[in-house]
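Before any comments, here is the structure.
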Amino acid sequence: MPFLFLLYIVAYLDRINVGFAALQMQKQLGFSDSVYGRAAGIFFLGYFLFQIPSNLILQRLGARRWVSVLMVSWGIISCCMMLVRTPRDFYTLRFLLGLAEAGFFPGIILYLKNWIPIEARARTMAWFITAGPVAGIIGGPISGLLLGAHGHGLAGWQWLFLLEGIPAVLLGATVFYYLAETPKDVRWLGIEERQWLMATLADEETSVVEKGSMWHALASGRVWLLALVFFGVNTCGYGVTLWLPKLIHSVSTLSPLALGFASSIPYLIAAVAMVLVGIHSDRTGERRWHAASLAFLAAGALLVTIHASSLTLTITALSVAVLSVYSMSGPFWAMSTGLLSAASAGAGIALINAVGNLGGFLGPHILGAASDSTGNLKSGLLMLSGVIAASGGLLLLVRGQNRNPVR
C-alpha cells in the first residue's frame, strides 16, 4: 500500500500541476481562461476513451507489466508539456496525458479488489485515494517554488513540468520489478494468512449483486447510475482543484510560493477527513449515506465560497468542499466494488471511472467559460454546487448491497 500510495501521488501531481503552471504559462503564451479551462479538462477525454481497453489489457497482461508501461509513458508526456507553444500543443499533450493515465486508477482499484476483503475496503480505498490530496499538499509548495526557477533558457513553468514528470518514468521502471500480482505471489504472507485471505475473497464472490460477464456489467442500470454519480463528483472535484490556485489568488495578493502553501491547506484537511470517513464506513458497514451526505455538504460549501470575500473564509469553504468530495471516495468505491463480481469488475470499474471522469473535462471548462463571460467564477461555482448535490440524490437511488457484515 505505501508503494501504491507513492505511485498515485506522482500520477495525481502530473495531472493537477497545470493549475500552478497556468499562473505563468497563460501570461507568457497569451492563453485565455477558456483555453486553459479547455486544456485542463481535455485530459479527461483521453482518459475516458482508454479506460475500458486499458483495464482489459491489465487483466490480460497483469498489473506489474501494464502499470509500468503506463507510468513511463505519462512521465515522458508530462515532461514534454514544457514544449507547449500554441493552444493546439496544449490540447494535444493534455489529451495524450489523459490516454496514458487512463488505466492507472481503475487498474489499481481492480488490483485492490483482488487483495482486500470487503470489510476493510472502504478504509483501504480511502488510504490509497488520500494520495490525491497529499499530492496537493506536497505539490503546492513544490510547484510554487519551481515557478520561481528560471535559467538555461527555461521559464519556471517549464522547469515545473520537466522536474515533476521525471519521477513517473523512474517509478514506472521500478513497478515492473517490485509489484506482486496476487496474494499467492508474495513471501511476506504466512501459509495460513494466504489461505485465509484467498478463501475470504473467494467467499465474497458468492454475495455480489452483478455476477454476470463483462457485457452484463456494461449493460447494467446500476453500474450506469454509479457512473453518473461519479460524473458529478468529478465535475465538482476537478472543477475546484484545477482552479484552486486561481480561486485563492482572486481574493489575495500572495506570492507564488505563499499561494502554493495556501493551496495545500484544503488538501491537508481532506487527507485526514477521508481516512476517518473510510474507517467509520467500514465499522458501520454503511456506504450510501456516508457518500451522499458528503455530496450535500460539498454543495453547501461551494455556495459559501461564492459569497466569501476574505482569504480566510474562502480557504475554509474550499477546504470543506474539497474534503467532502475526496471523502466520498472510500464509501463510494467500497460500495461499487462490492456490487461487482470478478468477471464483471474489470469492465464495471472502468466504465464507472471512465464516464465519471468525463466530469473532469466539464468542471474546469465550466469555470473557464464562466470567467471569460462574467469576469468572475461565481456562476461556475453555482453550477458545480448543483451538480454535486444532484450526485448525492442519485446515489440514494442505487439499490443492492449497502451494508456489509462487520466481522
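FYI, the working numbering numbers position 372 of the sequence shown as 354, with every residue one higher than the one before it.
Even for Gly, the Cβ is constructed at its ideal location relative to N, Cα and C.
{"Asked": "Examine the ligand SAH and report whether any of its heavy atoms sits within less than 6 Å of the Cβ of H272.", "Found": "Judged by which ligands are present, the structure shown has none, so any question about the ligand SAH falls away."}
{"Asked": "Taking the beta carbon of V444 as the centre, do at least 16 other beta carbons fall within 10 Å, making it buried, or is it exposed?", "Found": "The first residue shown for the chain is -17 and the last is 389, placing residue 444 beyond what the model contains."}
{"Asked": "Which residue's Cα is closest to the Cα of I230: V215, T156, F243?", "Found": "F243"}
{"Asked": "Does the beta carbon of N335 sit closer than 7 Å to a beta carbon anywhere in chain C?", "Found": "Going by chain labels, chain C is absent from the structure shown, which holds only one protein chain."}
{"Asked": "Per DSSP, what kind of secondary structure is G44 in: helix, strand or coil?", "Found": "coil"}
{"Asked": "Using 10 angstroms around the beta-carbon of T424, count the other beta-carbons present and answer buried if the total reaches 16, otherwise exposed.", "Found": "With the chain running from -17 to 389 in the structure shown, residue 424 is simply not present."}
{"Asked": "Which residues does DSSP pair with L136 in a beta bridge?", "Found": "G133"}
{"Asked": "Can you have a look at L152 and say buried or exposed, based on whether 16 or more other CB atoms are within 10 angstroms of its CB?", "Found": "exposed"}
{"Asked": "Determine the burial state of A332: buried for a count of at least 16 other Cβ atoms within 10 Å of its Cβ, exposed for fewer.", "Found": "buried"}
{"Asked": "Using the C-alpha atoms, what's the distance from A102 back to H272?", "Found": "16 Å"}
{"Asked": "Please give me, in chain order, every unbroken run of the beta strand (DSSP E) with length at least 3 that falls completely inside the region 122 to 188.", "Found": "none"}
{"Asked": "Say whether the region 297 to 306 touches the region -3 to 12, bearing in mind that this needs 3 or more beta-carbon pairs closer than 8 Å, one atom from each stretch.", "Found": "no"}
{"Asked": "Among L305, A45, M63, whose alpha-carbon lies nearest the alpha-carbon of I148?", "Found": "M63"}
{"Asked": "Who are the near neighbours of S8 in its chain, counting only those whose CB is closer than 7 Å to its CB and skipping five residues on each side?", "Found": "One point to set straight first is that residue 8 is Gln, not Ser, in the sequence displayed. Hits under 7 Å: Y18."}
{"Asked": "Applying the criterion that 16 or more other CB atoms from any shown protein chain within 10 Å of the CB defines a buried residue, is K360 buried or exposed?", "Found": "exposed"}
{"Asked": "Distance check for L200 and K193, CA to CA, integer angstroms please.", "Found": "Any answer about K193 is weak, because its pLDDT of 48 lies below 50 and its placement is not dependable; what the coordinates show is given next. Whole-angstrom Cα-Cα distance: 12 Å."}
{"Asked": "Could you give the uninterrupted runs of the alpha helix (DSSP H) lying entirely in the region 41 to 88, keeping only those of 4 residues or more?", "Found": "45 to 62, 69 to 83"}
{"Asked": "To the nearest angstrom, report how far apart G122 and W178 are at their CA atoms.", "Found": "42 Å"}
{"Asked": "In whole angstroms, give me the CA-to-CA distance for L208 and A137.", "Found": "43 Å"}
{"Asked": "If I follow the unbroken alpha helix (DSSP H) through R103, where does it start and stop?", "Found": "103 to 111"}
{"Asked": "Return the Cβ separation of L40 and W48 in integer angstroms, given the expectation that the two are a contact with Cβ distance under 8 Å.", "Found": "4 Å"}
{"Asked": "Would you kindly work out how many angstroms separate the C-alpha atoms of V191 and E146, rounded to a whole number?", "Found": "Here the model assigns V191 a pLDDT of 48, short of 50, so the residue's position is not dependable, and the following value carries that caveat. When rounded, the distance between both Cα atoms is 42 Å."}
{"Asked": "Could you tell me which uninterrupted beta strand (DSSP E) segments, each at least 3 residues in length, are contained entirely in the region 208 to 296, listed from first to last along the chain?", "Found": "none"}
{"Asked": "Measure the CB-CB distance between A274 and L377 and report whether it falls below 7 Å.", "Found": "yes"}
{"Asked": "From R(-3) to W139, what distance separates their C-alpha atoms?", "Found": "14 Å"}
{"Asked": "Spatial neighbours of W56 within its chain, please: CB distance less than 7 Å, with the 5 preceding and 5 following residues excluded, ordered by chain position.", "Found": "D(-4), L79, A82, E83, A150"}
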